[in-house]
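1007 is the number of the first residue of the sequence shown in the working numbering; add one for each residue after it. A quick write-up on the structure given underneath.
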Amino acid sequence: MTDFLWRKDGGEAGPDEVVMEFLAGEDVQLDRELLLFDLRASAAHANGLAQIGILDDEENARLQAELRALAEEYRAGRLALGPPFEDGHSAIESWLSERLGALGAKIHTGRSRNDQVAVALRLYLKDRLGRLQDACVRVATVLLERAQRDQSIPMPGYTHLQRAMPSSAALWLAGHAEAFIDNAELAALVRGWLDASPLGTASGFGVNLPLPRQAVAAELGFARLVLNPQCAQNSRGKIELQAMAALAAATLDLRRLAWDLSLFATREFGFVRLPPRYCTGSSIMPNKNNPDTVELLRATHAVVVGAQAELQAVLDLPSGYHRDLQATKAPLLRAFRGGLQALALLPELLEAFEWQEDRMRAAITPELFATDRATRRAARGQPFREAYRAVAADLETGAAPDVEASLAERVSLGACAEPALELLAERLRGLKPTAEAPT
Ligand code: ARG
């Protein structure tokens, strides 16, 4: 490898190994997740340089071929990114120089590592938000299909964790489905919001070259530019936070769903049987069968929220680039890695768990019909408060409760008799899969 990019002829020695180790931290390892995006952006930048005559066609063709080769070798595991490279950006320039001699170093004309990392991160975020959107769509699709299938399964509804009213498995399933449709839409919105290229802003002040920024951005699939070079730097960390907010919306709902399942799977509730594939045993208690997968799905949100706080804390900075910004990468990558892995497990789990219908029916005790009875009286003309008191005084009597009849009467839009699953399916169909290049 070549020396540090910033080493000057006859310059002072600079940081020794100990200090370098501190400066690099785990940065070069983290860049493994960004390298392919960096290579793509580097190719687009070279095309831009060719367009304005900084590279001739032959030079550009050689650079393009080598950048493609690097990506292929990296994907195939034949090219390792790690120390002693300072970061992925240095590695790219160093590999190119090794293979192309002086031409390799021409790639860095008119760019800084500051816009290089910013553009790689934007490409990464677009990719991961696309995956988040698709993951939420998959979760919502399974939930909605199950809601359709499980419409005849009654279930007690809870508030305050106390039995409240007769409800249904379908209402629970469709409720979570709608939440994940919201989450998919949020991911798409944030993706559109940050779909802007900072490439060509260099270190935060632009360059004295007529870089074809629009054309380069279009080649990379960006919808627009971050125009102002200072804004390009100041948005670092801020856009990551919004992406993580979209992720956190999904993991928040994941946490609630997992909470429900872990409760429903207890002997006390007994509403749900989790397939053995998702459970583990105890090292000491031979009788145990624990819902560990569901519990770690629940904990995913904690990891994301912790990462949000860590990233937020780094952003206490004045304008422009600061090396502190490097510390935004670890929490970002950690959150998306964990969040997307957890969400990917969900569809099969939701497909596979079994309802224990007898236990659910047995838990729908007569007092749960009290609200239906009070509302029925009110519909016949009794002032609701009077009806409420009359039913409260006599909770256990009235016609023998019939759960099917109760659910069939619940005709307000979205409720058990009118679940409007088709309307939800329509929203889902509006969320087209994202078509990102595989990385
Ligand atoms: N690893 C650095 C980061 O993530 C790359 C940019 C370095 N820029 C610089 N001016 N030292 O921020």
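The beta carbon of each residue, even a glycine, is placed where N, CA and C say it ideally should be.
- C-alpha gap between Leu-1437 and Phe-1028, whole angstroms: 44 angstroms
- Out of Leu-1085, Gly-1344, Ala-1175, Gly-1243, state which residue places its alpha-carbon closest to the alpha-carbon of Leu-1356. Ala-1175
- Cβ neighbours of Ala-1358 in the same chain (closer than 7 angstroms, five flanking residues each side left out): Pro-1281
- Query: Looking at Asp-1033 and the ligand ARG, is the gap between the Cβ and the nearest heavy atom below 6 angstroms?
  - Reply: yes
- Query: If Val-1143 and Ala-1183 are in contact, beta carbons under 8 angstroms, what's the gap, nearest whole angstrom?
  - Reply: With 8 angstroms as the limit, Val-1143 and Ala-1183 do not qualify as a contact, their Cβ atoms being about 10 angstroms apart.
- Query: Going by the CB atoms, is the gap between Gly-1116 and Leu-1200 shorter than 7 angstroms?
  - Reply: no
- In DSSP terms, what Val-1278 is bridged to: Trp-1361
- The beta strand (DSSP E) spanning Met-1291 covers which residue range? Careful: Met-1291 lies outside any beta strand (DSSP E) and carries neither H nor E.
- Task: Could you check which residue in Cys-1422, Phe-1342, Ala-1124 has the C-alpha nearest to that of Gln-1314?
- Result: Phe-1342
- Query: With a CB to CB cut of under 7 angstroms and the five nearest residues on each side skipped, what residues in its chain are close to Trp-1012?
  - Reply: none
- Item | Distance between beta carbons of Val-1300 and Leu-1267, contact taken as under 8 angstroms | 5 angstroms
- Query: Are the region 1134–1150 and the region 1229–1245 touching, with three or more C-beta to C-beta distances below 8 angstroms?
  - Reply: no
- Check whether the Cβ of Val-1125 sits closer than 6 angstroms to any heavy atom of the ligand ARG, and report yes or no. no
- Using the C-alpha atoms, what's the distance from Ser-1100 back to Thr-1008? Confidence in Thr-1008 is poor, its pLDDT being 48 and thus under 50, which makes the residue's placement too unreliable to answer from.
- Query: Three or more beta-carbon pairs under 8 angstroms between the region 1068–1088 and the region 1125–1140, yes or no?
  - Reply: no
- Message: By the three-class DSSP mapping on this structure, what secondary structure does Phe-1235 have?
- Response: Checking the sequence shown, residue 1235 turns out to be Pro, not Phe. In the structure shown, Pro-1235 sits in a helix (DSSP, three-state: H, G or I).
- What residue ranges within the region 1217–1268 form continuous beta strand (DSSP E) runs of no fewer than 3 residues, ordered along the chain? none
- Check whether the Cβ of Asn-1120 sits closer than 6 angstroms to any heavy atom of the ligand ARG, and report yes or no. yes
- Cβ-heavy atom distance, Leu-1247 to the ligand ARG, below 6 angstroms: no
- Message: So, for Asp-1121: in the same chain, excluding its five sequence neighbours on each side, which residues have a beta-carbon less than 6 angstroms away from its beta-carbon?
- Response: Pro-1204, Leu-1205, Thr-1207, Ala-1208
- Message: In the DSSP assignment, the alpha helix (DSSP H) including Ala-1305 goes from what residue to what residue?
- Response: 1298–1320
- Message: Using the three-state DSSP reduction, which class does Tyr-1327 fall into: helix, strand or coil?
- Response: coil
- Where does Ser-1103 fall in DSSP's three states? helix
- Query: If you run the structure through DSSP and keep just helix, strand and coil, what is Ser-1118?
  - Reply: coil
- Contact test: Gln-1070 Cβ vs the ligand ARG heavy atom, cutoff 6 angstroms: no
- Item | Closest Cα partner of Leu-1331 within the set Ala-1393, Asp-1015, Met-1161, Asp-1033 | Asp-1033
- Message: Give me the residue from Ala-1180, Gly-1031, Gly-1020 with the minimum Cα distance to Asp-1093.
- Response: Gly-1031
- Distance between beta carbons of Val-1309 and Gly-1344, contact taken as under 8 angstroms: 5 angstroms
- For Asp-1044, does the count of other Cβ atoms within 10 angstroms reach 16, so buried, or fall short, so exposed? buried
- Item | DSSP state of Gly-1344 mapped onto helix, strand, coil | helix
- Query: Does the Cβ of Asn-1240 have 16 or more other Cβ atoms within 10 Å, making it buried, or fewer, making it exposed?
  - Reply: buried
- Item | Residue interval of the beta strand (DSSP E) (run including Ala-1376) | Run containing Ala-1376: none in the beta strand (DSSP E); it sits in the alpha helix (DSSP H), 1376–1385.
- Item | Local Cβ density within 10 Å of Thr-1306, reported as buried at 16 or more and exposed below that | buried
- Message: Does the CB of Gly-1344 have a neighbour CB from chain C at under 7 angstroms?
- Response: The displayed structure is made up of one protein chain only, and chain C is not part of it.
- Item | Inter-residue Cα distance where the pair is Ala-1194 and Gly-1016 | 51 angstroms
- Ala-1170: first and last residue of the uninterrupted beta strand (DSSP E) it sits in: 1168–1174
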